[in-house]
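Numbering (this note's numbering), first residue to last: 2 to 202.
Beta carbons: idealized from backbone N, C-alpha and C, even for Gly.
Everything numeric in this text was worked out from a predicted model, so none of it was measured.
Since the structure comes first, as structure tokens, the remarks are kept for the end.
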């Protein structure tokens with residue numbers, strides 16, 4: 002993603018963050034504690050919502066332009082790592098919680114990424130996620146599939162029709178909670194979301 006793309010991402014998300022996304026993030030992260038890894042932290046939209054129960058937070062962001070904006074708003078002590086979800090530079094069972102928000106839609110290999118997340122989680126560790134996903138409506142999903150090749154090029158490899166919820170379960174995570182809800186006012190192609198918690202099986 003270019004510098005302009007990173008700026009545009011923040012600009013484009015400002016309205017949704019005010020209306021609903023910040024509240025969703027705050028609710029989702031309220032129970033997070035211990036040693037935490039956030040993958041694909043983008044420009045740092047989650048940082049303000051981590052509770053005091055987090056002992057140690059590490060965030061990854063492979064895009065240098067997004068990472069530059071992230072570092073501008075991150076506290077100095079935050080550990081920011083240049084790494085892709087498919088190959089994380091952490092030992093097995095390093096974290097109590099892994100957080101991913103609006104990131105699994107754009108990883109190059111979702112199966113490999115989820116296998117890595119499972120690897121770095123401790124036994125019983127939790128994956129906390131918020132993602133836009135393939136629609137359950139057949140017509141809308143068909144539109145997503147038709148638009149996806151162009152959309153991927155314009156939006157940093159974002160996949161409109163990725164069935165992320167099913168992929169999480171296929172990777173060996175056990176659902177603890179999951180809510181499917183449209184983003185208010187969003188275009189139908191990106192509106193459908195899931196958010197929840199899954200435990201390492």
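Exercise. Who are residue 194's beta bridge partners in DSSP?
Worked result: Beta bridge pairing from DSSP links residue 194 with 133 and 182.
Exercise. Grouping DSSP H, G and I as helix and E and B as strand, with all else coil, what is residue 69?
Worked result: Residue 69: helix per DSSP, three-state reduction.
Problem set entry | Sequence ranges, beta strand (DSSP E) only - wholly within the segment 47 to 118, length at least 3 | Listed in chain order, the beta strand (DSSP E) elements of length 3 or more contained wholly in the segment 47 to 118 are 55 to 61, 80 to 82 and 96 to 102.
For this session: Look at the alpha carbon of residue 178 and the alpha carbon of residue 70, and state the distance between them as a whole number of angstroms.
Result: Put simply, the backbone Cα of residue 178 is about 32 Å away from that of residue 70.
Problem set entry | Coarse secondary structure for residue 139, derived from DSSP in three states | Helix at residue 139.
For this session: Could you check the C-alpha separation between residue 101 and residue 127 for me, to the nearest Å?
Result: Each residue's CA atom was taken as its position, placing residue 101 and residue 127 some 11 Å apart.
Exercise. Run through DSSP, which three-state label would residue 17 get?
Worked result: Helix, per DSSP.
Exercise. For residue 24, which beta-bridge partners are listed by DSSP?
Worked result: Looking at the DSSP assignment, residue 24 forms no beta bridge with any residue, so it has no partner.
Exercise. Closest to residue 165 by CA distance: which of 183, 103 and 150 is it?
Worked result: Per the Cα distances, 103.
Exercise. Do you know offhand how far residue 46's Cα is from residue 23's?
Worked result: Computed Cα separation, rounded: 8 Å.
For this session: Determine the direct distance from the alpha carbon of residue 117 to that of residue 1, and round the result to whole angstroms.
Result: Because the chain spans 2 through 202 in this model, residue 1 falls outside it and cannot be assessed.
Exercise. In chain order, what residues of the same chain lie with their CB nearer than 7 Å to the CB of residue 56, ignoring the 5 residues before and after it?
Worked result: Within the same chain, residue 56 has close Cβ partners 35 and 36.
Exercise. If we count Cβ pairs, one from each stretch, closer than 8 Å, do we get three or more for the segment 131 to 140 versus the segment 185 to 195?
Worked result: By the C-beta criterion, the segment 131 to 140 is judged to be in contact with the segment 185 to 195, since at least 3 inter-stretch pairs fall below 8 Å.
Exercise. Nearest-angstrom Cα distance between residue 64 and residue 42?
Worked result: Residue 64 and residue 42: Cα-Cα distance of roughly 10 Å.
For this session: Work out the CA separation of residue 79 and residue 72 for me, nearest whole Å.
Result: Going by the C-alpha atoms only, they are around 9 Å apart.
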